[in-house]
Every structure is written in C-alpha cells, then in structure tokens.
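Heads up: the structure comes next, in structure tokens.
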Amino acid sequence: MKLLFLQKYRLLLTLAMALAGSSPMLAHAAKLNFQAVDKNGSPMADVVVYATPVGMPLPASEKIDATISQNDMQFSPYVTAIRTGSQVKFPNYDKMEHHVKSFSAVKEFEIKTYERGVVPPPVIFDKPGIVIVYCLLHNWMRAYVLVLDTPYFVKTDQSGTAMLDKLPDGNYEIKAWHPNLGSIKPPLSQTVKVNDQSVPIKWQFDFVPVPRKSKSAGY
Ligand SMILES: [Cu+2]
1083 MKLLFLQKYR LLLTLAMALA GSSPMLAHAA KLNFQAVDKN GSPMADVVVY
1133 ATPVGMPLPA SEKIDATISQ NDMQFSPYVT AIRTGSQVKF PNYDKMEHHV
1183 KSFSAVKEFE IKTYERGVVP PPVIFDKPGI VIVYCLLHNW MRAYVLVLDT
1233 PYFVKTDQSG TAMLDKLPDG NYEIKAWHPN LGSIKPPLSQ TVKVNDQSVP
1283 IKWQFDFVPV PRKSKSAGY
C-alpha cells in the first residue's frame, strides 16, 4: 500500500513537472535542418554534421555500435560516424576474400584475409579523429570512420540533407566534414545558439566531390 502510494506520488510529480515544463525529458528540443552543397551548388551526400555543446558537458549517452560490411567489392557504408569508444564490425558478404587495414594514427588495425560469412571480432575506436579503412587486396576499396566525442551527429543523404533533433537548448559548435577533406583540411564550422525552433543551416564546400573509386572504373 505504501509502495503504491509512492508510485502514485511519483507519477503525479512527473506530471506536474511536465506541465510546468521543467522536466528534463520535456526540455525544449530544437531541430536543425542541414543542406550541404558543393562549389556548384549541387547536393553533397556523405557529409557528417556534428554538434559539440559549448559550455555544457557532453551527455553520457550510450555508444552505438556500427557495421561496415563488404558488399559488391565495396565497403558499405562509405562514411560512418560513431562516438568515441564504439565498436565497428566488418563482415564480409562477398564471394571474394578481403583484407581490411587502417594505417591511421587514430586507430591502426588489420583484419587479415578473410572470406564470406566470417565476422571478425569488432574493432573498438577509442580515440576521436578520422580513420581511413583500406582493403589490401582491392585498392579502390575505401571507407571513412569519423570518431566523435559528441553523440550529436548526422550524415547527409543523396539529396544533401540531414536533420539533427533532440538537441538540448544551448550553444553549439557545429561542423561539417566530407571525406574529400581527409584528416588534413579542417571541416566547415559555425557556432549556433539552439533554442526551441527549427533552424535551417546551409553548408557550401569550395570543391566538387571526387567520385568514389570502383572496380568498374578500372582502378
Ligand atoms: Cu577487398
């Protein structure tokens, strides 16, 4: 009986907080709409847009693991964004063998030649930065992993658009990165104040993306 009362009390308290707008669960959450275009104004896919809170701690949300498979003699997806500490699996769905290798200082690793159906132990990316993944058997195969400390990130689709929501109010440094920038050129950057509204943000890169290499292109 006492327990039931406590539960009821807690429910009422939650409702009261919700009505008062003070519950953290119902805090204002802004929606940011992104559009990425190239030098000529054409939509750019595979742009990772990520928001880092300024003057606020990063949330301790859980890491979300990812998969980069080998399909039709390519890595899929081409670009993957993950939070620092996440794991990535590299399953091989091709008839051919692959040999996965990274030379990046952020995460150097190697998964020696393995065949279809084999799912090697996942790779843990424990430092932020950019990791380029190669196949040592097929020199056109390449994937990019962007390892981020912030959990607020999103990737543009073929229409060059992406949307980031559930951002708590505050100031954010927002960056946009594309694989053609590699790990040398800095991403585009701007600081925005996020409050309870939808904000469109347009990014224009000063280049035209280099098409992804493929076997059929003769590489
Ligand atoms: Cu390969």
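Each residue of the sequence shown is one higher than the last, beginning at 1083 in the numbering used here.
The beta-carbon is built from N, C-alpha and C at its ideal position, and this holds for glycine as well.
Model, not experiment: these values are computed from the prediction.
In the DSSP assignment, K1248 falls within the beta strand (DSSP E) that extends over T1243 to P1250. Contact between the segment 1281-1296 and the segment 1185-1195 is absent: fewer than three C-beta pairs spanning the two stretches fall below 8 Å. Taking non-hydrogen atoms of ligand 1 into account, the C-beta of L1114 is found less than 6 Å away from none of them. The way I'd put it, the segment 1234-1248 doesn't touch the segment 1200-1210; fewer than three beta-carbon pairs between them come closer than 8 Å.
With a threshold of 16 other beta carbon atoms within 10 Å, A1118 meets it and is buried. Just so you know, the alpha carbons of M1138 and E1179 end up roughly 46 Å apart. Measuring C-alpha to C-alpha distances from S1151 to each of A1142, Y1132 and V1182 identifies V1182 as the nearest. Placement of the Cβ of L1219 at a distance of less than 6 Å from at least one heavy atom of ligand 1 is found.
Closer than 6 Å to some heavy atom of ligand 1: that describes the Cβ of M1223. Relative to the Cα of L1140, the nearest Cα in the group N1115, F1235 and N1122 belongs to F1235. Judged by DSSP secondary structure, S1271 falls within the beta strand (DSSP E) whose first and last residues are L1270 to V1276. Apart from the 5 residues on each side of it in sequence, I1214 sits with its Cβ closer than 7 Å to the Cβ of S1184, S1186, R1224 and Y1226 in its chain, given in chain order. Within 6 Å of the C-beta of H1180 there is at least one heavy atom belonging to ligand 1. A Cβ-Cβ contact shorter than 7 Å links N1262 with V1292. Note on geometry: alpha-carbon atoms of D1176 and N1153 lie some 6 Å from one another. Between T1273 and E1255, the gap from beta carbon to beta carbon is short of 7 Å.
In the DSSP assignment, V1201 falls outside any beta strand (DSSP E) and carries neither an H nor an E. Buried is the label assigned to D1120, since at least 16 other Cβ atoms lie within 10 Å of its Cβ. Within the segment 1108-1187, the complete beta strand (DSSP E) segments at least 3 residues long are 1111-1119, 1130-1136, 1151-1153, 1156-1158, 1161-1165, 1169-1171 and 1180-1184, listed from N- to C-terminus.
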